[in-house]
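Asker: Take the sequence shown: its letters are residues 13 to 143, numbered as in our numbering.
Think of the CB as a built atom: it goes at the ideal place given N, C-alpha and C, for glycine as much as any other residue.
Predicted model, so just to flag it, every value in this text is computed and none were measured.
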Amino acid sequence: MTHDPRTVSADSTLTDAARFMREDDVGAVIVEREGSIAGIVTDRDIVVRAVADGRDPGSTRVSDVASSDVVTVTPDQDVDQVRRLMRERDVRRVIVEQDGRAAGIVSLGDLAVHGDAEQELTDISAASPNN
13 MTHDPRTVSA
23 DSTLTDAARF
33 MREDDVGAVI
43 VEREGSIAGI
53 VTDRDIVVRA
63 VADGRDPGST
73 RVSDVASSDV
83 VTVTPDQDVD
93 QVRRLMRERD
103 VRRVIVEQDG
113 RAAGIVSLGD
123 LAVHGDAEQE
133 LTDISAASPN
143 N
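Take a look at the structure:
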């Protein structure tokens, strides 16, 4: 898990989110609205849902392209539970939520390092690319 993930306000621009991703060398940031988790935006979301449609990253809000139907887990859930949830929901990242705040992100890569990398990559990567 990546601890203390970067968060960005839902009203921030895509340019802001992209800069945070570059600074932290990550592919996703958690979107917050009024101190609560409101979604997640990835580098792929910025490209596919904004740039490819001709949207201006400097004026397009993160909330316009972020995935709002996020999958969350708690810090006490074990890796097998997280793995199963990712498979069921066809997602590549889940947010670790503690006391209503983002405490971390578990990614497909984290699972691959922790377990059967080949099986994880095969199962979850076969999912729709927009999840």
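1. If you compare alpha carbons, which of 26, 36, 84 is closest to residue 18?
2. Please state if the CB of residue 25 and the CB of residue 72 are separated by a distance shorter than 8 Å.
3. Which residues does DSSP pair with residue 35 in a beta bridge?
4. Identify, in the order they occur along the chain, each residue of the same chain with its Cβ nearer than 8 Å to the Cβ of residue 94, setting aside the five sequence neighbours on each side.
5. Under three-state DSSP, which class holds residue 80?
6. Short check: CB of residue 59 to CB of residue 43, under 8 Å?
7. Just verifying my parser: in three-state terms, what is the DSSP assignment at residue 93?
Answerer: Walking through what the data contain:
1. 36
2. yes
3. Residue 35 pairs with nothing; no bridge assigned.
4. Same-chain partners within the cutoff: 85, 106, 118, 123.
5. coil
6. no
7. helix
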